[in-house]
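Colleague:
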Ligand code: NDP
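Residue numbers (the working numbering): 559 to 869.
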């Protein structure tokens with residue numbers, strides 16, 4: 559019998575009996591993951607109206623990159639119905655899947671796997687981008703269509719945000735990243751998504767501080783969303799990844815990081831009475847959208863339960 563508070567390993571999986579349907583998040587490190595809390599709260603909340611989900615539980619497994627190829631078929635054989643993936647598996651999993659959704663293919667990463675018995679393996683999906691779109695609408699009232707995005711970061715989270723913003727016809731996308739090579743690689747993969755009107759530009763953190771920086775040229779009528787998808791903000795005391803003197807009255811801030819503290823960027827944005835939100839709503843939405851893929855229960859039904867659990 560597995561326990562949802564514990565961190566399990568590949569060896570534990572090998573010893574598991576074929577029992578009730580189960581779900582899990584895989585990553586390394588994994589102990590900090592809030593996903594078991596969110597999903598188990600949703601299963602508990604639904605136990606009366608969806609008795610068929612009553613026995614379902616969600617677990618965490620610490621799986622190293624070199625263990626993933628062996629682990630995925632084992633999770634399938636051991637009656638797991640759905641998996642979430644986090645650092646470092648979202649990109650490396652793609653060649654191991656039987657099928658990949660168009661969204662995951664465009665983003666170039668999968669955060670959710672759905673059991674497919676007919677194919678005898680896993681279908682890869684990505685709910686991070688749609689989770690981000692729901693979160694910015696819900697918390698900041700921002701529609702990505704027609705909004706100028708300034709995206710800080712070029713890693714996995716930034717990839718999902720950027721692809722989603724372009725697919726939803728954002729007015730422009732400016733990528734600001736410490737490593738130029740990584741930003742250029744991201745821009746290259748995004749180029750096919752760009753329509754003729756939406757500009758796609760790359761800046762270094764130093765370039766946006768420059769007095770002539772193109773980031774200073776937004777007119778007062780234009781809506782600008784600053785998105786932090788770097789790891790800066792995860793730890794208390796981290797500096798803001800965005801120069802605070804550039805914050806302007808037409809801007810809103812979505813910080814994908816979350817923790818028990820308020821990030822320097824969110825605190826400074828709120829001090830200026832501008833809208834700002836942290837990554838918990840995105841986390842809850844991406845979880846609720848994965849839950850829908852596994853159970854057909856609409857994401858809207860469980861999103862608030864999940865968000866309450868991590869707030
Ligand atoms: P990655 O490791 O793929 O990317 C990290 C990014 O942060 C890179 O752009 C990296 O820049 C940048 N970075 C790291 N350290 C620094 C630093 N000291 N100064 C400036 N830039 C830095 O991670 P992910 O994309 O998976 O995650 C990024 C963040 O997004 C995390 O904080 C994570 O918690 C959050 N996230 C939130 C989710 C949610 O649902 N709310 C979902 C997924 C992620 P460089 O390329 O130069 O190294």
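Here a beta-carbon is modelled for each residue, glycine too, at the ideal position from N, C-alpha and C.
1. Under 8 Å, with one C-beta from each stretch per pair, do the segment 842 to 854 and the segment 679 to 692 reach the 3-pair mark?
2. With respect to 7 Å, is the separation between the Cβ of residue 681 and the closest non-hydrogen atom of ligand 1 below this value?
3. Could you have a look at residue 777 and say whether DSSP puts it in helix, strand or coil?
4. For residue 662, is the beta carbon positioned less than 7 Å from some heavy atom of ligand 2?
5. Are the CB atoms of residue 814 and residue 837 nearer to each other than 8 Å?
6. I need the boundaries of the beta strand (DSSP E) containing residue 681, first residue and last residue.
7. CA-CA distance, residue 594 and residue 565?
8. Measure from the alpha carbon of residue 611 to the alpha carbon of each residue in 682, 854, 775, then state which is nearest.
9. Can you list, in chain order, the residues of its chain with a C-beta nearer than 7 Å to that of residue 753? Leave out the 5 residues immediately preceding and following it.
10. In chain order, what residues of the same chain lie with their CB nearer than 8 Å to the CB of residue 638, ignoring the 5 residues before and after it?
11. Run through the DSSP bridge pairs and tell me what residue 732 is partnered with.
12. So, does the segment 680 to 689 touch the segment 819 to 826, judging by three or more C-beta pairs under 8 Å?
13. Chain B beta carbons: is any one of them nearer than 8 Å to that of residue 792?
14. Please classify residue 777: is it buried, with 16 or more other beta-carbons within 10 angstroms of its beta-carbon, or exposed?
15. CB-CB under 6 Å to residue 799, same chain, minus the five flanking residues each way: which ones, in chain order?
16. Ligand 1 heavy atoms versus the CB of residue 820: any closer than 7 Å?
17. Can you tell me which of 635, 640, 671, 577 puts its alpha carbon nearest to the alpha carbon of residue 649?
18. Hey, is the segment 725 to 743 in contact with the segment 802 to 809, meaning 3+ C-beta pairs nearer than 8 Å?
19. Quick one: give me the first and last residue of the beta strand (DSSP E) that residue 813 is part of.
20. According to the neighbour-count rule (16 or more other Cβ atoms, all chains shown, within 10 Å of its Cβ), is residue 803 buried or exposed?
21. Classify residue 591 as buried or exposed, calling it buried when 16 or more other Cβ atoms lie within 10 Å of its own Cβ.
22. Once DSSP output is grouped into helix, strand and coil, what is the label at residue 738?
23. Applying the criterion that 16 or more other CB atoms from any shown protein chain within 10 Å of the CB defines a buried residue, is residue 865 buried or exposed?
24. Hey, could you find the ends of the beta strand (DSSP E) residue 800 is sitting in?
25. For residue 698, does the three-state DSSP call read helix, strand or coil?
26. Going by DSSP, name the residue or residues bridged to residue 673.
Modeller: This is what the structure holds:
1. yes
2. Counted from its first residue, the chain shown places residue 681 at position 123. No.
3. Taking the first residue of the chain shown as 1, we reach residue 777 at position 219. Three-state DSSP puts residue 777 in coil, outside helix and strand.
4. Ligand 2 is absent from the structure shown, which contains only ligand 1.
5. As a position in the chain shown, residue 814 is number 256, starting the count at 1. As a position in the chain shown, residue 837 is number 279, starting the count at 1. In this structure, residue 837 lies closer than 8 Å to residue 814 by Cβ.
6. The residue given as residue 681 occupies position 123 in the chain shown. Start and end: 679 to 683.
7. As a first step, residue 594 is located in the chain shown; it is residue number 36 there, counting from the start. As a first step, residue 565 is located in the chain shown; it is residue number 7 there, counting from the start. Approximately 11 Å between the Cα atoms of the pair.
8. Mapped onto the chain shown, residue 611 falls at position 53. The option with the nearest alpha carbon to residue 611 is 854.
9. By 1-based counting over the chain shown, the position of residue 753 is 195. Result list for residue 753: 727, in chain order.
10. Counted from its first residue, the chain shown places residue 638 at position 80. Once the five neighbours on either side are set aside, the close Cβ partners of residue 638 are 579, 580, 581, 582, 673.
11. Locating residue 732 in the chain shown gives position 174, where the first residue counts as 1. Its beta-bridge partners are 708, 759.
12. Result no; under three Cβ-Cβ pairs closer than 8 Å.
13. Going by chain labels, chain B is absent from the structure shown, which holds only one protein chain.
14. Within the chain shown, the letter at position 219 stands for residue 777. Residue 777 comes out exposed.
15. The sequence position of residue 799 within the chain shown is 241, counting from 1. The answer, listed in chain order, is 710, 786, 788, 790.
16. Within the chain shown, residue 820 is the residue found at index 262, counting from 1. No; taking the cut-off as 7 Å, the Cβ of residue 820 has no heavy atom of ligand 1 nearer than that.
17. By 1-based counting over the chain shown, the position of residue 649 is 91. Checking every option, the nearest Cα to that of residue 649 belongs to 671.
18. A contact is defined here as three or more CB-CB pairs under 8 Å, and the segment 725 to 743 fails this definition with respect to the segment 802 to 809.
19. Within the chain shown, the letter at position 255 stands for residue 813. Its beta strand (DSSP E) spans residues 809 to 813.
20. In the chain shown, counting from the first residue as 1, residue 803 sits at position 245. It is exposed - the Cβ of residue 803 has fewer than 16 other Cβ atoms within 10 Å.
21. Numbered from 1 along the chain shown, position 33 holds the residue referred to as residue 591. Label assigned to residue 591: buried.
22. Within the chain shown, the letter at position 180 stands for residue 738. If DSSP states are grouped into helix, strand and coil, residue 738 belongs with the helices.
23. Along the chain shown, read from residue 1 onward, the residue named residue 865 stands at position 307. Flag for residue 865 reads buried.
24. Here the question's residue 800 lines up with position 242 in the chain shown. Per DSSP, residue 800 belongs to no beta strand (DSSP E) and is neither H nor E.
25. Locating residue 698 in the chain shown gives position 140, counting from the first residue. Residue 698 sits in a helix when the DSSP states are folded into three classes.
26. Counting from one through the chain shown, the residue named residue 673 turns up at place 115. According to DSSP, which records beta bridges pairwise, residue 673 is partnered with 680.
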